[in-house]
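2 protein chains.
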Amino acid sequence: MTKVTIHEVARAASVSPSTVSNLLNGRTQRMQPATQARIETAIRKLGYHPSRVARQLRTGQVRAIGLVVPSVGNPFWGALARHLEAAALTEGYHVLLCNSERDPERERSYLEELWADGIRGVVLCSSLPSLDHVTPLLERGLRLVAFDRMAQAGDPPSLVNVTVDNAVGAQLATEHLLQLGHRRIAFISGSLGSINRKERFRGFRAALEQAGLDPDAALVSPDAATTQFGDVEAAELGRAAATELLRGRRKPTAIVAINDMCALGVCRGIRDAGLEVARDVSVVGFDDILLAELYAPPLTTVHQPLPEMAAAAFDHLRARIEGSATAGQSLLLRPHLVVRESTAPPRSKRGT
Amino acid sequence: MTKVTIHEVARAASVSPSTVSNLLNGRTQRMQPATQARIETAIRKLGYHPSRVARQLRTGQVRAIGLVVPSVGNPFWGALARHLEAAALTEGYHVLLCNSERDPERERSYLEELWADGIRGVVLCSSLPSLDHVTPLLERGLRLVAFDRMAQAGDPPSLVNVTVDNAVGAQLATEHLLQLGHRRIAFISGSLGSINRKERFRGFRAALEQAGLDPDAALVSPDAATTQFGDVEAAELGRAAATELLRGRRKPTAIVAINDMCALGVCRGIRDAGLEVARDVSVVGFDDILLAELYAPPLTTVHQPLPEMAAAAFDHLRARIEGSATAGQSLLLRPHLVVRESTAPPRSKRGT
DNA sequence: GTGAAAGCGCTAACAC
DNA sequence: GTGTTAGCGCTTTCAC
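Have a look at this one:
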């Protein structure tokens, strides 16, 4: 319970604190082996552990980065957290995880906290269109990597983005449905407030247009930006929206969901309506979370290469924290579609 | 980019640093309104933000707790993280999240790191039978709440446990299967190394015994403690084990899975084998993660009251950190079974 | 090779 | 009411 300091170690080893500090910091070459041994013994005997807080105050350095996600309750973000942590750990960095619950104010205050804690680099999964709420931090020197958010015109120049091309992904998904013969395709999302969601919606419309369909006639649910749905509620939202849509007069034969959790909810909603996924209504998701493959039926979805993205995000961040920063290059990956069993030709085309 | 300190604020407001500090710490009553206003203006104009690191070094306090989980990749732990964070935030505490990947050494080193960072309370989701690897920390004064781990005989007295009664839960699950008429019931788990897993297995056997069945004849997979399967791989494990079991000569008609992720994998394995969940093989999970209800078929599972458990864990921790600690009371909650659609009578009993 | 000394930015007695 | 002072535990020149 007693806190043992560097001084006590020094006294026990009959050296000065600075010598102990030298040892602690690997400056062992200029030190007699005997001295070194004495110090090491003292450290062990006293059970000494340097205070990171004190060191940090002195050096201003912390080997840690922040990660702000909408919610680790969503397996996609949970998986990202794992991968980022793995990447960080190989370089001796730690990851502090924060849930913003997609609340801009909470996001900002977390960033502020992280800064006050001495953290100078964070991976932000915000996807809010504007990053105005964080520019003050950026000006103070915070290094930010935006994840899953396309670079925007007005973005601060110091910002690095790591994301999949969401428009392309959604387009791929929609084209797949189109090729199967679907014509009445719905799009289910929560609020379209975030950039990546807007992008996905854009890709959806683009595919429809290319197929000669009127994107404005497409079924979009909910019509306007709805209440803020968190990420955990994505499934609830999908379920409710699917139920609603399937009750309408112009039932869709296929549904593009904004992400996998939403897609799983959609599938549930389809079953609630007494229908069967794939046979009656096709569903495509986005993200390719682990559960997608496990689901019944296994979900056709757009794959995001999470491990690579996490590693890239970390590398960028570290480079810029450690100063070896060449001006940040953003990374825009091309996603691909994983066709599984939640999609099939519409009933009308069966057997053709 | 320039760091503004309390001194500069003091100078700008023509007061001393201590007065600024007083304001910062709410000791505003003994201060002329005019002074207070001057300081506040200065703070705003300079964009001053106190350094938490310095404050921490001085006071030895951090309003933060640690959370060590096997892996946030598992939605159950992700959900716990969210709930714990919610509970902590209401009291102004932050949560630092660490993934141990069920590696004792990693667990220990994380605890060590947290301690070095000034954190004095952590929620540990270890479930390793022995907590020997953390007793040194406990002796140094770390307050630990073990989560999802039954109190053990040799536990340090200062340890508080918050958990569901795993044996009862598994017994409930098994009895449900028994009542439906199942007799060949399998148990699928990863390594049985952790306490809660042992407990669940015990409950499973107890139910069998009470029904007059020979628990030793039960199908347990994998037979012995297997390779360490992480929490994300639980689903993989379930899938592989189910495949294996269903290929055998004594096929089970029902399966108790160690947790929901495993159960989802089991369901997938059942379908891989060309069978149907519930109709051909019943499956019961454990945890009641969000996905359980979304799955097809919705999973019958043992419910853990996560929000309450998280709140209790936090309250215990805070009480003991802040010293108002009456000797820690452990909390053992009674879980209940949620019957959904992954369980049904065995085919032989159908229609009786 | 090793030690003395000066802080990092903040807080909390204790003076005034 | 407000300022002075003395550190919290560590690192790091710069002497010796």
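Residue numbers (this note's numbering), protein chains in the order written: chain P, 1 to 352; chain A, 353 to 704. Glycine included, C-beta positions come from ideal geometry on N, C-alpha and C. Because the structure is a prediction, the values reported are computed rather than measured.
Contact check for methionine 383/A against asparagine 374/A passes: the beta carbons are separated by less than 8 Å. For the stretch 108-140 of chain P, the set of residues with a beta-carbon nearer than 8 Å to any beta-carbon of chain A comprises Glu112, Glu113, Trp115, Ala116, Asp117, Gly118, Pro136, Glu139 and Arg140, in chain order. In this structure, the CA atom of serine 366/A is about 25 Å from the CA atom of alanine 116/P. The CB of glutamate 437/A comes closer than 7 Å to the CB of Asn99 in chain P, given here in chain order. Within the stretch 50-61 of chain P, Pro50, Ser51, Arg52, Val53, Ala54, Gln56 and Leu57 place their CB atoms closer than 8 Å to a CB of chain A, listed in sequence order. Restricted to the stretch 121-184 of chain P, the alpha helix (DSSP H) segments that are unbroken, complete and at least 4 residues in length are 135-140 and 166-180, listed in chain order. Restricted to the stretch 38-121 of chain P, the beta strand (DSSP E) segments that are unbroken, complete and at least 3 residues in length are 64-69 and 94-99, listed in chain order. The C-beta of tyrosine 647/A comes closer than 8 Å to at least one C-beta of chain P. With distances taken between CA atoms, alanine 310/P lies nearest to Val69/P out of Val69/P, Val20/P, Arg63/P and Thr5/P. Under the three-state reduction of DSSP, isoleucine 641/A is assigned to coil, being neither helix nor strand. Following the DSSP letters along the chain, one finds threonine 243/P inside the alpha helix (DSSP H) bounded by residues 234-247. Secondary structure at threonine 653/A: strand, using DSSP grouped into helix, strand and coil. With respect to the 8 Å criterion, leucine 448/A and leucine 409/A are not classified as neighbours on the basis of their beta carbons. In the DSSP assignment, serine 573/A forms a beta bridge with Ile540/A. For valine 256/P, the uninterrupted beta strand (DSSP E) run begins and ends at 254-257, by DSSP.
According to the DSSP secondary-structure assignment, histidine 336/P is paired through a beta bridge with His303/P. Counting along the chain, asparagine 22/P sits inside the alpha helix (DSSP H) bounded by residues 17-24. Residues of the stretch 187-216 of chain P with a C-beta less than 9 Å from any C-beta of chain A: none at all. Taking alanine 665/A as the centre and dropping the five residues before and after it, the same chain places the C-beta of Val475, Val497, Phe499 and Val514 closer than 6 Å to its C-beta, in chain order.
The bridge partners DSSP lists for leucine 683/A are Val514/A. Going by beta carbons, valine 281/P and alanine 254/P fall inside the 8 Å limit.
Put simply, of His316/P, Pro345/P and Gly269/P the residue whose alpha carbon is nearest the alpha carbon of glycine 121/P is His316/P. Residue range 547-562 is occupied by the alpha helix (DSSP H) that includes leucine 560/A. Under a 10 Å Cβ-count criterion, histidine 7/P is classified as exposed, with fewer than 16 other Cβ atoms of the shown protein chains found around its own Cβ. Residue environment: threonine 442/A is assigned as exposed (fewer than 16 neighbouring CB atoms within 10 Å of its CB, all protein chains considered).
In this chain, leucine 213/P is not harboured by any alpha helix (DSSP H), its DSSP state being neither H nor E.
When DSSP states are grouped into helix, strand and coil, serine 282/P belongs to the strand group.
The closest CA to that of valine 302/P, considering only Ala292/P, Ala296/P, Leu291/P and Asp287/P, is found on Asp287/P. For glycine 444/A, the nearest beta carbon of chain P is not closer than 8 Å to its own beta carbon. Rounded to whole angstroms, threonine 595/A and leucine 306/P show a C-alpha spacing of 28 Å.
From the beta-carbon of leucine 178/P, no residue of chain A is found nearer than 7 Å; the closest lies around 26 Å away. Here valine 266/P carries a helix assignment [DSSP, helix/strand/coil]. Along the stretch 242-268 of chain P, the positions whose C-beta sits under 9 Å from a C-beta of chain A are Met261, Leu264, Gly265, Cys267 and Arg268, read in chain order.
Using beta-carbon distances, glycine 274/P does not count as an interface residue toward chain A, since no partner is under 8 Å. Contacts between serine 71/P and chain A, judged by CB atoms closer than 7 Å, involve Arg434 in chain order. If you check each beta-carbon in the stretch 148-165 of chain P against every beta-carbon of chain A, none falls closer than 7 Å.
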